[in-house]
Structure formats: structure tokens, C-alpha cells
Amino acid sequence: MYMYTVINELDDSFGKIGLYSHPLNIPYTTLDNLHYLYNYGTTLGNCNAWIRIVKIPDDALVIDMQNDKIKKSDKLFLGKKYRLYDIETLKIFKSYLKITSEYINNVCILGKVNVLEFLKTHNLLLEYNYWAMDYASYYNHTTVLEWWKNSGLPLLYSKNAIRFAEQCNSKEALEWWKKSGLIKKYPVEELLKQFDVIKWWLRVK
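Residues in the sequence shown are numbered consecutively from 3, following this note's numbering.
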């Protein structure tokens with residue numbers, strides 16, 4: 003039986019295919035539980051996050067980490083790899099991967115509109131929260147913001163979307179919010195309570 007892990011490929015220690023001894027910092031699980039590892043370690047919003055196939059030797063010492071869903075062992079084989087936030091990977095694993103709000107958030111952090119469209123087209127975009135648009139604003143991904151606006155899905159975002167854009171000097175995102183008409187979701191008075199938003203509001207009025 004194969005297991006799976008999510009690894010940041012920038013970590014050269016785990017870049018090769020083969021046997022690893024004492025890899026106790028590599029968690030793994032079954033494919034249907036892989037969503038527990040989406041944000042494990044440094045994979046949050048990292049375009050170098052990969053799914054890796056894992057095979058456990060018969061003589062490995064296995065340690066249960068989280069409700070028997072996540073395990074670690076003192077040795078394992080790392081096999082084939084697939085980019086986590088990638089359409090080709092989704093085509094292969096879409097029947098097994100759980101697309102959580104954390105997954106959607108990371109897609110928005112990375113600005114991958116094509117992945118969002120694929121998920122929507124295949125009825126996989128069922129779980130998301132306000133962080134999706136907030137993160138897109140933070141990272142100045144106006145194409146992601148525009149996709150959400152035109153997606154036909156209920157729009158979720160918070161006042162932090164504007165505050166983040168202001169703090170990060172995301173000028174395109176601020177301009178997008180100004181023109182979107184969505185800022186009216188929150189009373190102007192509530193937005194103006196925040197000093198950094200006051201500065202932006204005065205500039206765009």
C-alpha cells in the first residue's frame with residue numbers, strides 16, 4: 003500500500019527519489035487524508051509544494067502522529083512527485099484529493115486562476131472562506147480577485163482585504179477594490195476606523 007506526503011521541494015534534503023533513513027520530519031498519510039498536510043511546515047502558499055508517493059519498508063519503525071491519520075517512520079522511500087497546485091495533478095488525483103479551504107487559499111496566494119477555473123468547472127470548488135480573496139488582495143493578484151467577482155459564486159471577503167493591500171502597498175489591488183463596487187459591503191464608517199485605510203480612502207475618493 004502506498005502512502006503520500008507533501009514536501010517543499012526547495013528542501014534539497016528530500017529532493018531525490020529513493021530510500022531515506024531517519025526522515026522523522028517527513029509526515030505521510032493516505033491519499034484521501036492528504037489534506038491534513040496541505041499547510042504542514044513550509045508548504046503554505048509555496049509553489050514548490052509537491053505530492054510525493056511514499057513507500058514504507060517492512061522493517062521501518064512507524065509512529066502515529068495525529069488520530070492515526072498522519073504517521074512518521076525512521077525510514078521510507080520517496081517516489082514519484084506531482085505539483086500540489088497544478089491542473090495536471092488534479093486530473094490524476096481529483097477523485098481522491100479533498101479540496102479544502104486551505105487548498106483554495108494557497109491557490110489564491112499563488113495567483114493560479116487556471117486552477118480555480120478547473121476546480122469550478124469540475125464542481126470541486128465547494129469549500130472556501132474569506133481568506134481566499136483577502137490573500138489575493140494581500141499578494142496583489144487582481145486576476146484572482148476579478149475571477150472571484152465573475153465566478154458566479156457567493157463572494158466572501160473581509161475588511162482585511164483592503165487593509166492587507168494597504169499594508170503591502172498593493173496598488174493594483176487597491177485600485178481594483180476601488181472600481182469593483184464591492185467595497186460597499188462594509189459601511190464606510192467601519193473602514194475608516196482603521197488609520198491605514200483612512201489614508202487610502204482619502205486618496206481614492
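Heads up, the beta-carbon is just placed ideally off N, CA and C, and yes, glycines get one too.
Look at the alpha carbon of residue i and the alpha carbon of residue j, and state the distance between them as a whole number of angstroms.
i	j	result
A167	K73	39 Å
L39	E177	35 Å
F16	T7	11 Å
L121	L127	5 Å
C170	L21	43 Å
K96	L36	12 Å
I19	I101	27 Å
S153	K181	17 Å
H24	N131	38 Å
I9	W52	5 Å
E104	N41	7 Å
Between the options, which has its C-alpha nearest residue i's C-alpha?
i	options	result
K77	E104, Y140 and A62	A62
G183	P25, Y84, I28 and I164	I164
P59	F79, N41, I53 and K151	F79
N142	N125, I111 and K93	I111
L92	A138, L26, N125 and N152	N125
E129	L157, Y140 and T144	L157
L118	A138, I65 and W149	W149
E174	N162, K151, A138 and Y42	A138
K151	Y140, I185 and D70	I185
W133	T123, L155 and I106	I106
Going by the CB atoms, is the gap between residue j and residue i shorter than 8 Å?
i	j	result
D136	S160	yes
Y4	K57	yes
V109	T145	no
**Study point:** In chain order, each beta strand (DSSP E) run of at least 3 residues that lies wholly inside the stretch 62-101
**Key:** 64-68, 72-75 and 77-85
**Study point:** In chain order, each alpha helix (DSSP H) run of at least 4 residues that lies wholly inside the stretch 118-194
**Key:** 133-140, 144-152, 162-169, 173-182 and 190-193
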